[in-house]
Every structure is written in structure tokens, then in C-alpha cells.
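Input: a single structure, listed below in C-alpha cells.
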Amino acid sequence: MAGLKAGGLQPDQISLVRRITGGDLGKLAPMASDLVERKVDLISAISPVAIRAAMTATKTIPIVAGDLESDPVAAGFVSSVAHPGGNVTGVFLDFPDFSKKWLEALKEAIPQLKNVALFWDPGTGKQQLSAVQSAADAMGITLERIEVRGRADAEAGFATASQQGAGAVLMLSSPFVGSATKMLADLAMAQRLPAITLFTDFARNGGLMAYGPDFAAFFREQGVMAGKILQGAKAADLPVETPTKFEFVLNLKTAKALNLPMPASLLLRADEVIE
-16 MAGLKAGGLQ
-6 PDQISLVRRI
4 TGGDLGKLAP
14 MASDLVERKV
24 DLISAISPVA
34 IRAAMTATKT
44 IPIVAGDLES
54 DPVAAGFVSS
64 VAHPGGNVTG
74 VFLDFPDFSK
84 KWLEALKEAI
94 PQLKNVALFW
104 DPGTGKQQLS
114 AVQSAADAMG
124 ITLERIEVRG
134 RADAEAGFAT
144 ASQQGAGAVL
154 MLSSPFVGSA
164 TKMLADLAMA
174 QRLPAITLFT
184 DFARNGGLMA
194 YGPDFAAFFR
204 EQGVMAGKIL
214 QGAKAADLPV
224 ETPTKFEFVL
234 NLKTAKALNL
244 PMPASLLLRA
254 DEVIE
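With my numbering applied, the sequence shown covers -16 to 258.
In C-alpha cells:
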């Protein structure tokens, strides 16, 4: 709502129709169709699968995307960043330039690190996977890929990572990871595995560290773009945005529990240190 207000709309001008899957991606298509039948003026879609569901349901209703996993051009969401050209625009994370930062943080915390268990959801696409693999190759780190789509996979994944002797876990962005940070932090601690992800609440909930966009700012910008469209701008002409504010959150309490002394360089770089 704050983003819509910043985009020039007042609360009494806005009627929000919320649709939440609760992690069940099978609900997305019927939800998108329902919104189209209701003749909403705009659809806000969070995650690549939600964007595709909305694009399948309508070619005319503007879609403002919030996507942490895709290159919008390579994924076919827009024709170009400067001129999207269709009914989709939004805020997308510039993943290839961002990916190496997680591995760099893990390596700085664990200098001897050689093997990392990589949790990923194939449903989110291969863009982020390819970017992280390239970064790992350059750093001499071996990635052990583990598919994680839900709780059962996560429980098995952490157990497998521990059994295989992984030195750390990197969890790529997915709707499940974003919605289950506390559970994932608990699983990581149960297996005594240092872990990092994009979602900063992971570190706040007991995980070792997280580096990602400031989500309040991320969604605010999405709201600003929606506000502009609702006042007459066209999605086809509204350039794609990327996040400009990021947070590095380090849980020092967890580091101590894992017997990992954190170097001063990491502590100084952290935007938030939890003790």
C-alpha cells in the first residue's frame, strides 16, 4: 500500500484482491483466471511461476512482477529492460552479477570451504542455478545440487548435506524458501550446517547469514510501478527496475553455536549483526 501511495494513489482509490497459494503452486492458474474474470485493473505477481500463470491468463491486463529469480528478457517476460513491449513490467533481481556474493561470504567465514550443498527448485528456472555454478567454478568450490521443493525435501536435503560432508548450504531463491525461513534455520542448526540464502529473515530466524534485497524497498518499488500504471502509464513503456538497496544480515549467536569465529571484515560489512 505504501508503494501505491508513493505512486500517487490514495487508499480510498484502491481495492485490493488478495490471492495467496500457501505454497501450493497448483492454485496459481485458477487464481489468475479468477482475477481476469473479475476484470481487475492490474495484477501484481510475485515469483516466476506466478508471472507465467498471469501471462497465460491475460495478454491485456497489466502485470507488475516481483521476481527474484529471473532474467526478464531471457525468461520471455519482456522484450527489453528499457521497453518491455507487452503487458508485463516490474522489479527483477539482476541475478548473474549478484550470485557470487553468497559464496564469497561463505568462503570468508569458512576459508577452508570446498564443498557446498546447493538447494534449488527446478520450477523456478535455471537462471540462478547457472549463475551460481559459474561463480563456484571460478572460486574452486564444488556444488552438490539437491532439489528442494517443500518441507520433506528440505528435511532430507539437510540430512543428505550432512552425510555427504558439505561444509555449508546455499539455498537459492524460491517461493518455498522465502516462506519457510524459520523452519530452514532450525533444520540447518539441527545438522550444524552453516547456511546462507537471499532472504534476510533466515538469519534473523537463526540461520547463519543472509544477503539479499531490502524487501520493504523491493515491494515498495513494485507498488510505485503499479500506481503509475493505474494512473495511465503503460506496462509496455515502463522500464524494468532492479533493487537498489541490499542487506547483509549475520547471526553471531549462530556462528558461536557452530564454533565459527567470524572475521572482522564480515562483521564490519554486515548491515545487521544478531548477538
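The beta-carbon is built from N, C-alpha and C at its ideal position, and this holds for glycine as well.
- C-alpha gap between residue 103 and residue 112, whole angstroms: Taking the sequence shown and counting its residues from 1, one reaches residue 103 at position 120. Taking the sequence shown and counting its residues from 1, one reaches residue 112 at position 129. Rounded to the nearest angstrom, the two C-alpha atoms are 7 Å apart.
- Beta carbon of residue 226 nearer than 7 Å to that of residue 196: Within the sequence shown, numbered from 1, the residue matching residue 226 stands at position 243. Within the sequence shown, numbered from 1, the residue matching residue 196 stands at position 213. Yes, these two residues count as a Cβ contact at 7 Å.
- Should residue 255 and residue 232 be called a contact, given that it needs their Cβ atoms to be closer than 7 Å? Locating residue 255 in the sequence shown gives position 272, where the first residue counts as 1. Locating residue 232 in the sequence shown gives position 249, where the first residue counts as 1. Against a cut-off of 7 Å, the Cβ pair of residue 232 and residue 255 comes out as a contact.
- Can you round the beta-carbon distance between residue 50 and residue 69 to whole angstroms, since I take them to be within the 8 Å contact cut? By one-based count along the sequence shown, residue 50 stands at place 67. By one-based count along the sequence shown, residue 69 stands at place 86. Separation of the CB atoms of residue 50 and residue 69 is rounded to 15 Å, and the pair is thereby denied contact status at 8 Å.
- Query: The alpha helix (DSSP H) spanning residue 213 covers which residue range?
  - Reply: The sequence position of residue 213 within the sequence shown is 230, counting from 1. For residue 213, the uninterrupted alpha helix (DSSP H) run begins and ends at 198 to 213, by DSSP.
- Message: Check whether the region 174 to 190 and the region 21 to 37 touch, using three or more Cβ-Cβ pairs below 8 Å as the test.
- Response: The region 174 to 190 is not in contact with the region 21 to 37.
- May I ask which residues mark the beginning and end of the beta strand (DSSP E) holding residue 102? Residue 102 sits at position 119 when you count from the first residue of the sequence shown. Bounds of the beta strand (DSSP E) holding residue 102 are 98 to 103.
- Cβ-based burial, residue 67 [other Cβ within 10 Å; buried from 16]: Residue 67 sits at position 84 when you count from the first residue of the sequence shown. Label assigned to residue 67: buried.
- Message: So residue 169 and residue 110 are supposed to be a Cβ contact under 8 Å. How far apart are they, rounded?
- Response: On the sequence shown, residue 169 is found 186 positions in, with the first residue counted as 1. On the sequence shown, residue 110 is found 127 positions in, with the first residue counted as 1. Not really, about 29 Å apart at Cβ, beyond 8 Å.
- Please report the Cβ distance between residue 180 and residue 160, rounded to the nearest whole angstrom; I am assuming they are in contact, meaning their Cβ atoms lie under 8 Å. Against the sequence shown, residue 180 aligns to sequence position 197. Against the sequence shown, residue 160 aligns to sequence position 177. That pair is a contact at about 6 Å.
- Excluding the five sequence neighbours on either side, which residues of its own chain have a C-beta within less than 7 Å of the C-beta of residue 42, listed in chain order? Taking the first residue of the sequence shown as 1, we reach residue 42 at position 59. Only 70 meet the Cβ criterion.
- Query: In the structure shown, what three-state DSSP assignment does residue 4 receive?
  - Reply: Residue 4 sits at position 21 when you count from the first residue of the sequence shown. Three-state result, residue 4: coil.
- With DSSP collapsed to three states, give me the class of residue 82. Locating residue 82 in the sequence shown gives position 99, where the first residue counts as 1. Residue 82 falls in the coil class under three-state DSSP.
- Which runs of the beta strand (DSSP E) fall wholly inside the region 98 to 180 and span at least 3 residues, in chain order? For the region 98 to 180, the continuous beta strand (DSSP E) assignments of 3+ residues that do not extend past its boundaries occur at 98 to 103, 125 to 130, 151 to 154 and 178 to 180, in sequence order.
- Message: Let's test the definition: count the other Cβ atoms within 10 Å of the Cβ of residue 3 and tell me whether it reaches 16, buried, or not, exposed.
- Response: Position 20 of the sequence shown, counting from 1, holds the residue named residue 3. Residue environment: residue 3 is assigned as exposed (fewer than 16 neighbouring CB atoms within 10 Å of its CB, all protein chains considered).
- Task: Give the DSSP bridge partners of residue 224, in chain order.
- Result: Looking up residue 224 in the sequence shown gives position 241. In the DSSP assignment, the residues bridged to residue 224 are 74.
- When burial is assigned at 16 or more other CB atoms within 10 Å of the CB, is residue 52 buried or exposed? Taking the sequence shown and counting its residues from 1, one reaches residue 52 at position 69. Classification of residue 52: buried, given that the 10 Å Cβ count is 16 or more.
- Message: So for residue 254, helix, strand or coil by DSSP?
- Response: Numbered from its first residue, the sequence shown carries residue 254 at position 271. In the three-state DSSP reduction, residue 254 falls in the coil class, being neither helix nor strand.
- Message: Let's test the definition: count the other Cβ atoms within 10 Å of the Cβ of residue 242 and tell me whether it reaches 16, buried, or not, exposed.
- Response: For the purposes of this step, residue 242 is taken as the residue at position 259 of the sequence shown. The residue in question, residue 242, is exposed, as its Cβ has fewer than 16 Cβ neighbours within 10 Å.
- Message: Do residue 82 and residue 114 have their beta-carbon atoms positioned less than 7 Å apart in this structure?
- Response: Reading the sequence shown from its first residue, position 131 is the one you call residue 114. Reading the sequence shown from its first residue, position 99 is the one you call residue 82. A contact, by the Cβ cut-off of 7 Å.
- Message: How far does the alpha helix (DSSP H) with residue 185 in it extend, from its first residue to its last?
- Response: One-based indexing of the sequence shown puts residue 185 at position 202. Per DSSP, residue 185 belongs to the alpha helix (DSSP H) from 184 to 187.
- Task: Please go through the same chain and pick out, in chain order, the residues whose beta-carbon is closer than 8 Å to the beta-carbon of residue 200, but skip the five residues on each side of it.
- Result: What you label residue 200 is simply residue 217 of the sequence shown in a count that begins at 1. Only 226, 227 and 228 meet the Cβ criterion.
- Message: Less than 7 Å between the beta carbons of residue 48 and residue 15, yes or no?
- Response: On the sequence shown, residue 48 is found 65 positions in, with the first residue counted as 1. On the sequence shown, residue 15 is found 32 positions in, with the first residue counted as 1. Taking a C-beta distance under 7 Å as the contact criterion, residue 48 and residue 15 do not qualify as a contact pair.
- Query: Rounded C-beta distance between residue 251 and residue 88? I'm assuming under 8 Å.
  - Reply: As a position in the sequence shown, residue 251 is number 268, starting the count at 1. As a position in the sequence shown, residue 88 is number 105, starting the count at 1. Wrong, their Cβ atoms sit about 13 Å apart, outside the cutoff.
- Using CA coordinates, which residue listed in 133, 95 and 105 is at the minimum distance from residue 122? As a first step, residue 122 must be located in the sequence shown, where it is residue number 139. The shortest C-alpha separation from residue 122 is found at 95.
- Message: Using a Cβ-Cβ cutoff of less than 7 Å, which residues in the same chain neighbour residue 145 once the five nearest sequence positions on both sides are dropped?
- Response: Numbered from its first residue, the sequence shown carries residue 145 at position 162. Around residue 145: 174 and 176.
- Item | For residue 230, the residue or residues it bridges with in DSSP | In the sequence shown, the residue the question calls residue 230 occupies position 247. Residue 230 is bridged by DSSP to 195.
- With DSSP run on the structure shown, which of helix, strand or coil describes residue 57? Within the sequence shown, the letter at position 74 stands for residue 57. DSSP places residue 57 outside both helix and strand once states are collapsed to three, so it counts as coil.
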